[in-house]
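Quick notes on the structure that follows.
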Amino acid sequence: WRHTPVILLVGPEGGWTPEEGERIRAAGGRPVTLGPRLLRTETAAIAALSLLAAAESLESDFTPRPG
């Protein structure tokens with residue numbers, strides 16, 4: 001997944017409407033969650049980007065390197 005572009009959509013504090021969710025899924029989006037935590041919109045974006053960066057870092061730490 002490292003070389004797959006990621007578009008992060010952070011929902012409004014009230015959540016996505018069912019119609020918005022359907023449109024996102026129809027466009028190929030996959031819903032993910034930060035678990036049971038309820039975060040403000042601006043905090044959720046920072047948390048999600050931090051998790052993506054950490055996941056990429058962990059993957060590269062455990063990926064064998066040539067040589």
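For the sequence shown, position 26 matches number 26 in the working numbering, and the numbering has no gaps at all.
Glycine is no exception: its CB is placed at the ideal position from the N, C-alpha and C atoms.
Taking DSSP as the reference, what is the three-state secondary structure of residue i?
| i | result |
| --- | --- |
| Arg23 | helix |
| Pro18 | helix |
| Glu13 | coil |
| Leu38 | coil |
| Ile7 | coil |
Verify whether the separation of the beta carbon atoms of residue i and residue j is less than 8 angstroms.
| i | j | result |
| --- | --- | --- |
| Leu73 | Gly29 | Past the boundaries of the shown model lies residue 73; the chain is included only from 1 to 67, so the question cannot be answered. |
| Arg37 | Glu13 | no |
Once you ignore the five residues that flank residue i on each side, which residues in its own chain have a CB closer than 8 angstroms to its CB?
| i | result |
| --- | --- |
| Leu34 | Ala44, Ala47, Ala48, Leu51 |
| Pro31 | Gly21, Ile24, Arg25 |
| Ser57 | none |
| Trp16 | Ile24 |
Within the same chain, show all residues whose beta-carbon is closer than 6 angstroms to that of residue i, passing over the 5 residues directly before and after it, in chain order.
| i | result |
| --- | --- |
| Glu42 | none |
For residue i, which residues in the same chain have their Cβ closer than 7 angstroms to its Cβ, ignoring the five residues on either side in sequence?
| i | result |
| --- | --- |
| Val6 | Leu52 |
| Pro18 | none |
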